[in-house]
Amino acid sequence: DTAVSQTPKYLVTQMGNDKSIKCEQNLGHDTMYWYKQDSKKFLKIMFSYNNKELIINETVPNRFSPKSPDKAHLNLHINSLELGDSAVYFCASSQEGGISNQPQHFGDGTRLSIL
Amino acid sequence: AQSVTQLDSHVSVSEGTPVLLRCNYSSSYSPSLFWYVQHPNKGLQLLLKYTSAATLVKGINGFEAEFKKSETSFHLTKPSAHMSDAAEYFCVVSDGGTDKLIFGTGTRLQVFP
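Going line by line, the protein sequences match chains C and W.
Quick note on the working numbering: the first sequence kicks off at 348 and runs consecutively.
Quick note on the working numbering: the second sequence kicks off at 91 and runs consecutively.
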């Protein structure tokens, strides 16, 4: 059973397009996250949601819009894709938000390539 | 503000020899620290975490890390490397009071037969 699953695993598209990445967790966690990993493997948080409410928004361009229909899902929609959006996007979840010692469980990533 | 510095971008060892991956942290109060491992084309997996209990933390796959406040270090060690340990390792500090993780730049571990 996959704990945190993301789809698609690979996404190749052209500049200017709009695309979505889906994430689901079956761990019963309250908090979900999106991270971006660049070509140098640097990981940075983008958003976190706790029980469908936005908690962290790390000055990400407003072309990126997360949506959490329920606490088990956190989707990421990206409008007007740019070359700089090429990266690996990771979804993660943790049991309780706002508690610094809770480990986060990661999905396998979505590799987004912009042509 | 919290931060972590991974002192080596690459570490190469022979199979069966010890592994040392170095990490220094900066925090204005008692931090929560983690080591995560990322295998190729995979997500991150938690190896171990320190949360102000024992300073020597044991993790999965024979890894352990020691929290040294005087040196602001949290180095990851393993007595004997295995080929399957080859991966990218991230030292991570939690932004205290929130669940925001701050990642180091990663150390790529290569294991030679």
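Ideal Cβ positions, reconstructed from N, Cα and C, are used throughout, including at glycine.
All figures in this text were calculated on a predicted structure; none of them were measured in a lab.
Going by beta carbons, valine 127 of chain W and alanine 171 of chain W fall outside the 9 Å limit. The C-alpha of glycine 363 of chain C is placed about 33 Å away from the C-alpha of phenylalanine 180 of chain W. Taking the CA atoms as reference points, leucine 199 of chain W sits about 15 Å from glutamate 154 of chain W. When Cβ-Cβ separations below 9 Å define contact, phenylalanine 453 of chain C makes contact with chain W.
Per the coordinates, the alpha-carbon of aspartate 98 of chain W lies some 33 Å from the alpha-carbon of valine 359 of chain C. Put simply, the region 102 to 116 of chain W does not touch the region 376 to 386 of chain C. Fewer than three CB pairs are less than 8 Å apart. Measuring C-alpha to C-alpha distances from alanine 177 of chain W to each of W:Asn114, W:Gln135, W:Val94 identifies W:Gln135 as the nearest.
Counting along the chain, the unbroken beta strand (DSSP E) around glutamine 384 of chain C starts and ends at 378 to 384.
Shown here, aspartate 455 of chain C sits in coil according to DSSP, grouped into three states, outside any helix or strand.
Secondary structure note for arginine 198 of chain W: its beta strand (DSSP E) is the uninterrupted segment 197 to 202.
In the DSSP assignment, lysine 159 of chain W falls outside any beta strand (DSSP E), carrying neither H nor E.
Serine 163 of chain W sits close to asparagine 114 of chain W, with the two beta carbons spaced by under 9 Å.
The C-alpha of lysine 356 of chain C lies about 4 Å from the C-alpha of threonine 457 of chain C. Identification of residues in the region 379 to 403 of chain C having a C-beta nearer than 9 Å to some C-beta of chain W yields Tyr380, Tyr382, Gln384, Lys387, Lys388, Phe389, Leu390, Lys391, Ile392, Ser395, Asn397, Ile402, Ile403, given in sequence order. The beta carbons of glycine 133 of chain W and phenylalanine 437 of chain C sit closer together than 9 Å.
Proximity of chain W to glycine 456 of chain C at the Cβ level (cut-off 7 Å) is accounted for by Gly133, in chain order. A Cβ-Cβ contact shorter than 9 Å links isoleucine 461 of chain C with aspartate 432 of chain C.
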